[in-house]
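Read through the structure below, which is laid out as C-alpha cells, and then see the notes.
Protein chains: 2
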Amino acid sequence: MIIDGMGDRPIKELGDKTPLEAAKTPNMDKMVERGICGIMDPIRPGIRAGSDTSHISILGYDPYEVYTGRGPFEAAGVGLKVLPGDIAFRCNFSTADSDGIITDRRAGRIREGTEEIAAAINGMVIADDVEVIFKESTGHRAVLVLRGEGLSDQISDADPKHEGKPPKKVVPLDDTKEAARTADILNMIVSKSYDVLKDLPINLERIEAGENPANIIIPRGAGAVPYVEPFGDKYGLKPVCIAETGLIKGIGNITGMDLIDIEGATGGIDTNLENIERGILDTAALDYDFLLINVDGADEAGHDGQLDEKIKFIEKVDDMLARLMEIEDAYFILTADHSTPISTMDHTGDPVPILINGPEVKVDDVKIFSERAAAKGGLCRIQGCNVMDILMDLMNKSTKFGA
Amino acid sequence: MIIDGMGDRPIKELGDKTPLEAAKTPNMDKMVERGICGIMDPIRPGIRAGSDTSHISILGYDPYEVYTGRGPFEAAGVGLKVLPGDIAFRCNFSTADSDGIITDRRAGRIREGTEEIAAAINGMVIADDVEVIFKESTGHRAVLVLRGEGLSDQISDADPKHEGKPPKKVVPLDDTKEAARTADILNMIVSKSYDVLKDLPINLERIEAGENPANIIIPRGAGAVPYVEPFGDKYGLKPVCIAETGLIKGIGNITGMDLIDIEGATGGIDTNLENIERGILDTAALDYDFLLINVDGADEAGHDGQLDEKIKFIEKVDDMLARLMEIEDAYFILTADHSTPISTMDHTGDPVPILINGPEVKVDDVKIFSERAAAKGGLCRIQGCNVMDILMDLMNKSTKFGA
Numbered sequence: 001m002i003i004d005g006m007g008d009r010p011i012k013e014l015g016d017k018t019p020l021e022a023a024k025t026p027n028m029d030k031m032v033e034r035g036i037c038g039i040m041d042p043i044r045p046g047i048r049a050g051s052d053t054s055h056i057s058i059l060g061y062d063p064y065e066v067y068t069g070r071g072p073f074e075a076a077g078v079g080l081k082v083l084p085g086d087i088a089f090r091c092n093f094s095t096a097d098s099d100g101i102i103t104d105r106r107a108g109r110i111r112e113g114t115e116e117i118a119a120a121i122n123g124m125v126i127a128d129d130v131e132v133i134f135k136e137s138t139g140h141r142a143v144l145v146l147r148g149e150g151l152s153d154q155i156s157d158a159d160p161k162h163e164g165k166p167p168k169k170v171v172p173l174d175d176t177k178e179a180a181r182t183a184d185i186l187n188m189i190v191s192k193s194y195d196v197l198k199d200l201p202i203n204l205e206r207i208e209a210g211e212n213p214a215n216i217i218i219p220r221g222a223g224a225v226p227y228v229e230p231f232g233d234k235y236g237l238k239p240v241c242i243a244e245t246g247l248i249k250g251i252g253n254i255t256g257m258d259l260i261d262i263e264g265a266t267g268g269i270d271t272n273l274e275n276i277e278r279g280i281l282d283t284a285a286l287d288y289d290f291l292l293i294n295v296d297g298a299d300e301a302g303h304d305g306q307l308d309e310k311i312k313f314i315e316k317v318d319d320m321l322a323r324l325m326e327i328e329d330a331y332f333i334l335t336a337d338h339s340t341p342i343s344t345m346d347h348t349g350d351p352v353p354i355l356i357n358g359p360e361v362k363v364d365d366v367k368i369f370s371e372r373a374a375a376k377g378g379l380c381r382i383q384g385c386n387v388m389d390i391l392m393d394l395m396n397k398s399t400k401f402g403a
Numbered sequence: 001m002i003i004d005g006m007g008d009r010p011i012k013e014l015g016d017k018t019p020l021e022a023a024k025t026p027n028m029d030k031m032v033e034r035g036i037c038g039i040m041d042p043i044r045p046g047i048r049a050g051s052d053t054s055h056i057s058i059l060g061y062d063p064y065e066v067y068t069g070r071g072p073f074e075a076a077g078v079g080l081k082v083l084p085g086d087i088a089f090r091c092n093f094s095t096a097d098s099d100g101i102i103t104d105r106r107a108g109r110i111r112e113g114t115e116e117i118a119a120a121i122n123g124m125v126i127a128d129d130v131e132v133i134f135k136e137s138t139g140h141r142a143v144l145v146l147r148g149e150g151l152s153d154q155i156s157d158a159d160p161k162h163e164g165k166p167p168k169k170v171v172p173l174d175d176t177k178e179a180a181r182t183a184d185i186l187n188m189i190v191s192k193s194y195d196v197l198k199d200l201p202i203n204l205e206r207i208e209a210g211e212n213p214a215n216i217i218i219p220r221g222a223g224a225v226p227y228v229e230p231f232g233d234k235y236g237l238k239p240v241c242i243a244e245t246g247l248i249k250g251i252g253n254i255t256g257m258d259l260i261d262i263e264g265a266t267g268g269i270d271t272n273l274e275n276i277e278r279g280i281l282d283t284a285a286l287d288y289d290f291l292l293i294n295v296d297g298a299d300e301a302g303h304d305g306q307l308d309e310k311i312k313f314i315e316k317v318d319d320m321l322a323r324l325m326e327i328e329d330a331y332f333i334l335t336a337d338h339s340t341p342i343s344t345m346d347h348t349g350d351p352v353p354i355l356i357n358g359p360e361v362k363v364d365d366v367k368i369f370s371e372r373a374a375a376k377g378g379l380c381r382i383q384g385c386n387v388m389d390i391l392m393d394l395m396n397k398s399t400k401f402g403a
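Chains Z and Y, in that order, give the protein sequences.
For the first sequence, the UniProt record's numbering begins at 1 and goes up steadily by one.
For the second sequence, the UniProt record's numbering begins at 1 and goes up steadily by one.
And the structure:
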C-alpha cells in the first residue's frame, strides 16, 4: 500500500515535526510494533521521483529503461490496452476558431459528452497501416495512440501552450524517416480533427448554450510504449491494482495487473475511503496473490500546500488500516512513493518510511511510523528496487542464485 | 568540508576509541545536535579510496570512468589548464652523473630555483605536432604534459625507483603506434633534459655549494586527461575550492572550480588554520553557490602514525568550526574522504562519518560526531556518489524524474 506523497520535511509550526509525525496514527504504530521498518529511496538517494517512476521502481522494473514519458502510462490509465511500440500522447480537447486559432486550450473545461467526441476521432483513417486509437480521459483530457510499423516518438508537441495561437506544427526531433512520417501523421490528425468535430451535434449544442466547443484535439508528450514484462510472469504472482489516478492505473495496466474500479475514488482528499476500504477487503478475498494499493490524497494536499488537510488525510488512512491490517495470510508493506513536502509543494528526493508486516518478519524496536523513527529500523536504508525481492524472499517464492 | 583521512579504527591505548572519538570536538558535536548524520562509503563498502578518487565520487563523478591516473590531477593541481586528451605525468627533478646513472632521485630535496629549471624544459621541441608543457610543483616534484594528436598513456615509467641505476627505458604497454610513439617521445625528453639542465647556471651554483644539481627529469604515472563535465554545468552551481594539496586543487581545477590560494596552507599538521578559516569566511561572502574545503593534516598524521598529532589536528579543526558553522543560508556537509588509521599508516576502506546541517534537515538524535555514533543517524549508510544528489535535493535544485 502506497500512500502517495506522504513523506515530508520538518515543519516549524509543528515544532519541527513532519505531518506524519504530527498525525495521530495509532494503527500505523500498531503495525510498526509487529513489523520491521526502514527508510527507502524510491529510486536512489536524493533522486526526485515522479509517482510513475517510483511505482515502476518499487514494482521491480528499472525506470531508466521502462519510463519513456507520460503518454504511455496515461493511455494505459484510461484503460486502453497499449502494446509495445505503440506511440502514445496526452491530448487536450480544445476550441479553435475558423482561422485555426486556439481560443480555449481546455474547451470550456468540458466535462460531459467527451465520450461521444472521442468516438468521432477514434478509428480516424490517416494511413492504411496506422491505427488511430483515441479515448477521453477526465475533463478536457484525452489520450491518442498510434499503432503500426514505421512510427517514432521523436516528434515535437502540437500544444501551443498559450491561447491566441494556432496549434504548433509537429516536427521530427531526429533525422529518421519514421519521425518525419509520424510528425506528418500528427499534423494531419490535428487538422482533420477540426473538420470532424466542428459540426458535431454536441459541439453545436455547446455553442448554442454559450459554451466553447471541443472542436480540435491537441496532442503532446509522445512516448513509445515500452516492452514491460508482465508482473504476473516476472514474479509468478497474480496481481491486481486498486488505484485512483490514471497515472497509477496506467502502471497497473501496463504491467498486466487487473484493475478494480472504486466508485467515488477521486484521487483527492475528498475521496471515498469507505469504498476504497471495501474494495480492498473484497479484493483480498479473491484469488489474487498481489494487491497494489495507491491512495493519492496526501500527495494532493502536499501539492496544494495544505498542511492540515495532509495530516487529516493521513489520519483517515490510518483509521482504514484498523481493518486492513487484519487481512490474514498476507504480507503487508506500507510506504510512500515519494515525499511531497508542504514547503516545496512538489516531490522531493527524501527517503520515505517503509514497514513490512507478516510471518517471520524480524520485528525491530521502532515504536512509531515516521520518516525519522523508521530510519532506526531493521531494514536500515533500502531502495525501491529492493522491495519486491525482499517480499518474494519473505514469501519463500524467490529462486536461489547459486548452489 | 572534507577533513582528509580523519576516519580511523579503534586504538587500544585510547581504550578502543578512535582519534575522532578521543578528540574533544564540542563544535562538531554542536553541529551534530542540529544535523542529520550517517556513515558514508566514499566509493563502495570496503573499497580503499584515494583522496582523489574519493573526492571525484563525492562530487558526483564516477571515479571508475574519470580517474585515469594521478598525473592529470597533479598537473591540474599545479595550475596547468589541462585539456581532455592531454597525456600528463608526475615527475621528479633528479640528479644524474655523467654516465647517466641516477645518484639522487630527489636532487638533494631541492626547494628553490625549480621555477627556473622548469622553464628550461617547458616548450622543449621534440616533434612538430606535440607540445611539451612542464611546470614545477612543490620541492623536487614537477608535472609534464604532452599535448597533440596520436599520443597514448599506455606507456611505462622512467623512474628506476632506486638510486644507482639509469632512468628506465620507457616502453609502450600496448601494441598501438600511439603508445610506441609516446614512449619514444618520453625517452627523448628524459635524455634531452640532461643536456638542457646539466650546465644551467643554477645547477652549477648548486654543485659549487655542495648540493646535488637537478639535472634530469624522471616522469612516471602517465594518464590521459579525461573529459570531465564542469561541475558548474552539471549542477548549475557556481563552485569554488579551498584546498591545500596539489592533488585536491587538481580536482577543483579539472572540474572547473575557481581555486582560492591560502598563504601558509602547507597540507600538514603545521598548516595555518587561521588563514584557512579567514579564507573560508571571505569566500563564503562572495558570489559562489558551492564551496569545497579540504584540510589535509589528519591524513598526514595518519600516514606518519602520529596519534597525538592526529587528535590535536582534529581538535584544531573543531575549534575553527565554531566560526564556520555560523555561516548563514548554507547547507554544511562535514565528512572525511577516507580513513587513514594510525595502525595501518595508509588509507583503508572503512566508512567515514558524515553530517549535514541546514534548513529542513531531519535532525536525528545522534549526540556526538564519530565513526560509531554517526552510524546510528538518520542518513543510515550512504555512498559518496549520493552526496551531491542529496544536497541538490535539499536545496530544491534537482530535476524531477517522471510525473
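Where a beta carbon is used, it is the ideal one built from N, C-alpha and C, also for glycine.
These figures come from a predicted structure and were not determined experimentally.
Paired residues, beta bridge with residue i - DSSP
| i | result |
| --- | --- |
| Y:S94 | Y:I216 |
| residue 406 of chain Z | With chain Z covering 1 to 403 only, the question about residue 406 of chain Z has no answer from this structure. |
| residue 454 of chain Y | What is shown of chain Y runs 1 to 403, which leaves residue 454 of chain Y out entirely. |
| Y:A26 | One point to set straight first is that residue 26 of chain Y is Pro, not Ala, in the sequence displayed. According to DSSP, Y:P26 bridges with nothing at all. |
| Z:A142 | Z:C91 and Z:E136 |
| Y:S339 | Y:M6 and Y:T348 |
| Y:F290 | Y:P239 |
| Z:L391 | None, per the DSSP bridge assignment. |
| Y:D364 | BP columns for Y:D364 are empty, so no partner. |
| Z:L355 | Z:C37 and Z:L334 |
| Y:K17 | Y:I11 |
| Y:F401 | Z:A49 |
Cβ distance (whole Å) where residue i is taken to contact residue j below 8 Å
| i | j | result |
| --- | --- | --- |
| Y:A179 | Y:S152 | 4 Å |
| Z:F369 | Z:D29 | 6 Å |
| Y:S98 | Y:G246 | Not quite, the Cβ-Cβ distance comes to about 33 Å (not below 8 Å), so this is no contact. |
| Z:M320 | Z:E277 | 5 Å |
| Y:P45 | Y:P351 | 7 Å |
Contacting residues, own chain, Cβ-Cβ under 7 Å from residue i (five flanking each side not counted)
| i | result |
| --- | --- |
| Z:S193 | I121, I216 and I217 |
| Y:D104 | S94, T95, E163 and N212 |
| Y:A255 | Residue 255 of chain Y is actually Thr in this sequence, not Ala. The answer, listed in chain order, is L59, V228, P230 and F231. |
| Z:M257 | F231, P239, V240, C241 and L292 |
| Z:L391 | Y331 and I333 |
| Z:L173 | Q154, I155, S156 and A179 |
| Z:K397 | G236 |
| Z:E328 | none |
| Z:K376 | V366 |
| Y:P341 | D8, R9, G302 and T348 |
| Y:E149 | D129 |
Own chain partners of residue i with C-beta closer than 6 Å, once the 5 adjacent residues on each side are dropped
| i | result |
| --- | --- |
| Z:S16 | The residue you asked about is not Ser; residue 16 of chain Z is Asp in the sequence shown. Same-chain partners within the cutoff: P10. |
| Y:M188 | I126 |
| Z:D24 | Per the sequence presented here, residue 24 of chain Z reads as Lys, with Asp not at that position. Excluding residues within five positions, the ones whose Cβ falls inside 6 Å are E315. |
| Y:I354 | G38, M40 and T335 |
| Y:D233 | none |
| Z:A107 | F93, S94, T95, H140, N212 and A214 |
| Y:A76 | V82, G250, N253 and I254 |
Residues near residue i in its chain [Cβ-Cβ closer than 8 Å; skip 5 each side]
| i | result |
| --- | --- |
| Z:L204 | P213 |
| Y:D175 | none |
| Y:E360 | L394 |
| Z:D159 | N92, R105, P167, K168, I218, P219 and R220 |
Taking the runs of the alpha helix (DSSP H) that are 4 residues or longer, which of them lie wholly in the stretch 58-111 of chain Y? 63-66 and 70-77
Of the residues that make up the stretch 161-192 of chain Y, which ones have a beta carbon closer than 9 Å to any beta carbon in chain Z? none
What residues in the stretch 369-395 of chain Z have a beta carbon less than 9 Å from any beta carbon of chain Y? E371, R372, A375, K376, C380 and R381
Which whole runs of the alpha helix (DSSP H) in the stretch 141-208 of chain Y are 4 residues long or more, in chain order? 177-197 and 201-208
Going residue by residue through the stretch 261-309 of chain Y, where are the continuous beta strand (DSSP E) segments of at least 3 residues, counting only ones entirely within it? 290-295
Interfacial residues, the stretch 216-249 of chain Z to chain Y, with Cβ spacing under 9 Å: L247
Using Cβ-Cβ distances below 7 Å, what residues of the stretch 287-319 of chain Z are close to chain Y? none
Listed from N- to C-terminal order along the chain, which residues in the stretch 126-154 of chain Z have their beta-carbon within a distance smaller than 7 Å of any beta-carbon of chain Y? none
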